[in-house]
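Worksheet for the structure shown next.
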Amino acid sequence: MSRSATPDLETLTGLVERVVYHTEDTGYCILKVIPQGRRESVSLLGKAPRVVAGEQFEATGRWETTRDYGSQFKAENLKLTRPDSSEGIEKYLGSGLIEGIGPAYAKRLVKKFGRSIFEIIENESAKLEDVEGIGRKRRQEIRDSWIKQKSVHNIMLFLHQHGISSSRALRIHKTYGDEALSVLTSNPYRLAQDIHGIGFKTADSIAHQMGVAHDAPTRIRAGIRHVLETAASSGHCCLPEPQTIEQTLQLLGCADTLVHAQIEALIESDEVERHTLQGHHVLYLSYLRAAEQSIATSIHHLCAFPASYPPMDPDAMVTWAAQETGKPLAESQQRAVKEALKSRCLIITGGPGVGKTTILRTILAILGKLDVKRVLAAPTGRAAKRLNESTGLDAKTLHRLLEYQGQGQWGRHRGKPLTGDLFVVDECSMLDAPLMAQFLSALPEGAHLLLVGDADQLPSVGPGMVLYDLIRSGKVPCVKLTEIFRQAATSRIITSAHEINRGRVPDLKPQRDGDFFFLETRSPEETRDLIVQLAQQRLPTRYGFNPILDIQVLTAMNRHLLGTKSLNEALQSALNPAHEMKYELERFQNKFRVGDKVIQTNNNYDKEVFNGDIGHIVTIETEPLKVSVRFEGDRLVEYEPGELDELQLAYALTIHKSQGSEFPCVIIPVSTQHYVLLERSLIYTAVTRAKKLVVLVGDPRALSLAISKQESRKRWTGLCELL
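Listed below in structure tokens is the structure:
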């Protein structure tokens, strides 16, 4: 029977007739159910940690109709309870859920004990031996399995009773297992720390439903931590104490005396540290202070010694390298190479077209000739791939190099260091403080370090401005390249990028055969429509670009008309429209179709795909339901429906997501809609992602505003002072 739950949701109750598909990893299930008051079964899609035929269900959701499957009930919330009819109990026990009971024994048990069988198993299990074929060993097996399943059932029931959806309940149970109840009752705010997709506000709502007081110390401490964690997600390693208090009061609505008291409690428990920075009292989450301190200690140690490469004549080696490659180096490039050959630790920085790649190739060739073991890495998979292509040497992501094992565990560390003589890290502007600290701690004694990057690009998404702070400190030898070489100087992409970096608006007048254009529009709607037109028709026709493979739209943010969500919907409709012969799957507010361009949004070490990897959907299979994505390197990765929150459409990406990548053609919307985020390094980073063509679309006033602002440099970090 159906009854109204909310204006657009229905509640369905009845019996699970058959489990068509279920995966324990995500809880996703397809069930055949018989709704109350009906005779025929219907399909139900939902999530549950385990589900068996014979169970009673209550589902809240919507009916949807698909071409392949007809009418199905898509449950947003699914609750399962043990059956109360003899038929249901027999199906339930015979499903294989309870070890020691199959269909034959289920039939005998129900015949012998009827609807009291559950009570018998739990409290009078000795009576089971009255059934033919059940001895002491099987009876014990049945009871142990029953107790285990009851634990799962009780946890899910408890979570549902406190208003937690099936999807979240499943994640909680998967994270904590049998400890879920004790974790939730002792400190529900741990959910925000431990579980992807549950933030402070959700955890606070759950805590409120569980009776946690408005002024409870656990709530206030969690609020303070949330403020500092939010600051970290915006790039700060610490926050001034008055600002922390003010934001906590806004978040919690409690007395400031309580916040002061709990700050002291967090400091006492070593979760938070108080330090003085630039004359301000600042608060750190302890792990971020430890990361900055570890970086400073490692850098001091590296810079205390000269290089220990095999003996060589640097001038002769530079001459040899030029003869080998057929590319003589300019004087500034020669100086950079010689500096690298004598330094234990060196930074090479500069914008596009200044010869960083040529210098790096020369250094690696010289040291390779001397049998120096060279290890290359970058922060992301795409950056590592580019490093491999430009040097011809193997390059890994830092996470893979350090053998990341998930849950903050690493296979390489101070106690089990890496092996190698020279470690090269490219795209260092993307390095956040915790990752840099882990990497430096894993370097072997006597290692050399070469950091390469553009300090004027956007800093890391995570906390810190590591490259910028290392350069600013003056404690690390640094070669800053500024000379634009002849071939690069003919590219308006490169010359415009350097103009932007100097705080000047580049020449926006169109050139017939140019590679840098600005198209002015009068409204966000016109900007969006022109971007779609450019990607779909004008640029492929004029330049021969593949609209999906070659053209990348880069925007400042996710929301608004010119954010990734809106642009992806518009570009998907234009470049990969719905078709009656093309299967479409809707999950996590995304519609996925075969042919769609998608991006992996987190690191998945089981599948060996990483945050920022871009691929294309090649198949959507229906029995069982799964999506196959082909990533660069011809890697085919399969996703079950419950895993699709790891994917997003990638026709449009945020500029932050594009760091470390290059694309043949880049289209960049520039609008005052993005006023808060518009700033110089954002535009500079977007422009330098393009190899062949840049098209800026929008309001020239917004471009001028962005170039005049340098907000990304305003981060609270302490590394420079520690150095």
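Under this note's numbering, the residue at position 489 of the sequence shown is numbered 489, and the numbers go up by one with no gaps. Where is the CB? At the ideal position from N, CA and C, for every residue including glycine. Computed from a predicted structure; not experimentally measured.
Provide the residue span of the beta strand (DSSP E) that contains Ala395, from first to last. Residue numbering aside, residue 395 sits at position 395 when the sequence shown is read from its first letter. For Ala395, the uninterrupted beta strand (DSSP E) run begins and ends at 395-397, by DSSP.
Between the segment 564-584 and the segment 344-359, do at least 3 Cβ pairs fall closer than 8 Å? By the Cβ rule, the segment 564-584 does not count as touching the segment 344-359, because fewer than three pairs are nearer than 8 Å.
For Lys79, count the other beta carbons within 10 Å of its own beta carbon; 16 or more makes it buried, fewer makes it exposed. Which is it? Residue 79 sits at position 79 when you count from the first residue of the sequence shown. It counts as buried.
If you draw a straight line from the alpha carbon of Gln710 to that of Ser332, how long is it in whole angstroms? By 1-based counting over the sequence shown, the position of residue 710 is 710. By 1-based counting over the sequence shown, the position of residue 332 is 332. Rounded to the nearest angstrom, the two C-alpha atoms are 28 Å apart.
Assumed close pair His236, Arg715 - CB separation to whole angstroms, cut-off 8 Å: Sequence index remark: in the sequence shown, residue 236 carries index 236 (1-based). Sequence index remark: in the sequence shown, residue 715 carries index 715 (1-based). In this structure His236 is in contact with Arg715, their Cβ atoms being roughly 5 Å apart against a cut-off of 8 Å.
Apart from the five residues just before and just after Leu554, which ones in its own chain have a Cβ nearer than 8 Å to its Cβ? Numbered from its first residue, the sequence shown carries residue 554 at position 554. Here the set comprises Ala652, Leu653, Thr654, Ile655, Ser658, Val666, Ile667, Ile668, Ala686, Arg689.
For Lys373 and Asp421, what's the separation of their Cα atoms in angstroms? Position 373 of the sequence shown, counted from the start, is the residue given in the question as residue 373. Position 421 of the sequence shown, counted from the start, is the residue given in the question as residue 421. Lys373 and Asp421: Cα-Cα distance of roughly 5 Å.
Selected residue, minimal CA-CA separation from Leu703, among Ile614, Ser496, Asn602: Taking the sequence shown and counting its residues from 1, one reaches residue 703 at position 703. For Leu703, the nearest C-alpha among the options comes from Ser496.
In chain order, which alpha helix (DSSP H) runs of at least 4 residues are fully inside the segment 190-233? Segments of the alpha helix (DSSP H) lying fully in the segment 190-233: 190-194, 200-209, 217-233.
Whose C-alpha, out of Glu87, Asn123, Leu97, Ser573, is nearest the C-alpha of Lys107? For the purposes of this step, residue 107 is taken as the residue at position 107 of the sequence shown. Ranking Glu87, Asn123, Leu97, Ser573 by Cα distance to Lys107 puts Glu87 first.
According to DSSP, is Leu12 helix, strand or coil? Here residue 12 refers to the residue found at position 12 of the sequence shown. It is a strand residue.
In three-state DSSP terms, what is Asn604? Against the sequence shown, residue 604 aligns to sequence position 604. DSSP places Asn604 in strand when its eight states are reduced to three.
If I measure Cβ to Cβ from Leu12 and keep anything under 6 Å in the same chain, skipping five residues before and after, which residues do I get? In the sequence shown, counting from the first residue as 1, residue 12 sits at position 12. For Leu12, where only same-chain residues beyond five positions count, the Cβ hits under 6 Å are Ser2, Pro35, Ala59, Phe73.
Just the Cα atoms here: how many angstroms apart are Gln262 and Gly464? The residue given as residue 262 occupies position 262 in the sequence shown. The residue given as residue 464 occupies position 464 in the sequence shown. Between the alpha carbons of Gln262 and Gly464 lies a gap of roughly 26 Å.
Going by C-alpha distance, which of Leu249, Glu40, Gly46, Ala53 is nearest Val19? Along the sequence shown, read from residue 1 onward, the residue named residue 19 stands at position 19. For Val19, the nearest C-alpha among the options comes from Ala53.
For Ala378 and Leu467, I'd like the C-alpha separation in whole angstroms. Within the sequence shown, numbered from 1, the residue matching residue 378 stands at position 378. Within the sequence shown, numbered from 1, the residue matching residue 467 stands at position 467. Cα-Cα distance, rounded: 13 Å.
Cβ-Cβ distance between Ala296 and Thr362 below 7 Å: For the purposes of this step, residue 296 is taken as the residue at position 296 of the sequence shown. For the purposes of this step, residue 362 is taken as the residue at position 362 of the sequence shown. No. Outside cutoff.
Identify, in the order they occur along the chain, each residue of the same chain with its Cβ nearer than 7 Å to the Cβ of Gly14, setting aside the five sequence neighbours on each side. On the sequence shown, residue 14 is found 14 positions in, with the first residue counted as 1. These residues qualify, in order along the chain: Val33, Ile34, Pro35, Gln36, Phe57.
I'd like to know if the segment 324-343 and the segment 405-420 are in contact, where contact means that at least 3 CB-CB pairs between them fall below 8 Å. In the pairwise beta carbon analysis, the segment 324-343 is classified as not touching the segment 405-420: fewer than three pairs are separated by under 8 Å.
What do you get for Val110, buried or exposed, if any count of 16 or more other CB atoms within 10 angstroms of its CB means buried? Looking up residue 110 in the sequence shown gives position 110. Buried is the label assigned to Val110, since at least 16 other Cβ atoms lie within 10 Å of its Cβ.
Extract the residue ranges of the alpha helix (DSSP H) inside the segment 520-586, only unbroken runs of 4 or more that lie entirely within it. Listed in chain order, the complete alpha helix (DSSP H) runs (minimum 4 residues) inside the segment 520-586 are 524-533, 539-543, 564-575.
Three-pair Cβ contact test at 8 Å for the segment 86-100 versus the segment 599-618: With a cut-off of 8 Å, the segment 599-618 and the segment 86-100 do not count as touching, because too few Cβ pairs lie within range.
Which whole-angstrom value describes the C-beta separation of Leu534 and Asp596, a residue pair presumed to lie in contact below a C-beta threshold of 8 Å? Taking the sequence shown and counting its residues from 1, the one referred to as residue 534 is at position 534. Taking the sequence shown and counting its residues from 1, the one referred to as residue 596 is at position 596. About 19 Å separates the two Cβ atoms, so there is no contact after all.
Applying the 10 Å Cβ sphere with the 16-neighbour rule, what's the burial state of Thr147? The residue you call residue 147 lines up with position 147 of the sequence shown. Per the sequence presented here, residue 147 reads as Ile, with Thr not at that position. Flag for Ile147 reads exposed.
Go to Trp716, then tell me how far its beta strand (DSSP E) extends in each direction, as first and last residue. The residue labelled residue 716 in the question sits at position 716 within the sequence shown. For Trp716, no beta strand (DSSP E) segment is defined, and its DSSP state is neither H nor E.
Would you mind working out which of Glu90, Ala265, Ala290 sits nearest Tyr105, comparing C-alpha positions? Within the sequence shown, the letter at position 105 stands for residue 105. If we check each option's Cα against that of Tyr105, Glu90 comes out closest.
Rounded to a whole number of angstroms, what is the C-alpha to C-alpha distance between Ile142 and Val51? Taking the sequence shown and counting its residues from 1, one reaches residue 142 at position 142. Taking the sequence shown and counting its residues from 1, one reaches residue 51 at position 51. Using only the alpha carbons, I get a separation of about 18 Å.
Give the secondary structure of His162 by DSSP, where H, G and I count as helix, E and B as strand, and everything else as coil. Here the question's residue 162 lines up with position 162 in the sequence shown. Three-state result, His162: coil.
Exposed unless 16 or more other CB atoms sit within 10 angstroms - verdict on Phe305: Start at 1 with the first residue of the sequence shown, and residue 305 comes out as number 305. Counting of Cβ neighbours within 10 angstroms places Phe305 among the exposed residues, the total staying below 16.
Since Pro669 is in the alpha helix (DSSP H), which residue starts that stretch and which ends it? Here residue 669 corresponds to residue number 669 of the sequence shown, with the count starting at 1. Here Pro669 belongs to no alpha helix (DSSP H); instead the beta strand (DSSP E) covers 663-670.
For my contact list, His173 and Pro49 are in at a C-beta cut-off of 8 Å; report their separation, rounded to the angstrom. Reading the sequence shown from its first residue, position 173 is the one you call residue 173. Reading the sequence shown from its first residue, position 49 is the one you call residue 49. The beta-carbon distance between His173 and Pro49, rounded to whole angstroms, is 5 Å. This is short enough to meet the 8 Å contact definition.
Please report the straight-line C-alpha distance between Leu258 and Thr248, rounded to a whole angstrom. Here residue 258 is taken as the residue at index 258 of the sequence shown, counted from 1. Here residue 248 is taken as the residue at index 248 of the sequence shown, counted from 1. Within the model, the alpha-carbon separation for Leu258 versus Thr248 is close to 11 Å.
Residue interval of the alpha helix (DSSP H) (run including Tyr287): For this step, residue 287 is matched to residue 287 along the sequence shown. 286-303 is the extent of the alpha helix (DSSP H) around Tyr287.
Does the beta-carbon of Pro547 have 16 or more other beta-carbons within 10 angstroms, so that it is buried, or is it exposed? Looking up residue 547 in the sequence shown gives position 547. Answer is buried; the Cβ neighbour count reaches 16.
Can you tell me which of Pro524, Phe158, Ile134, Val476 puts its alpha carbon nearest to the alpha carbon of Gln209? Numbered from 1 along the sequence shown, position 209 holds the residue referred to as residue 209. Put simply, of Pro524, Phe158, Ile134, Val476 the residue whose alpha carbon is nearest the alpha carbon of Gln209 is Phe158.
Where does Cys428 sit, in a helix, a strand or coil, going by DSSP? Locating residue 428 in the sequence shown gives position 428, where the first residue counts as 1. Correct three-state label for Cys428: helix.
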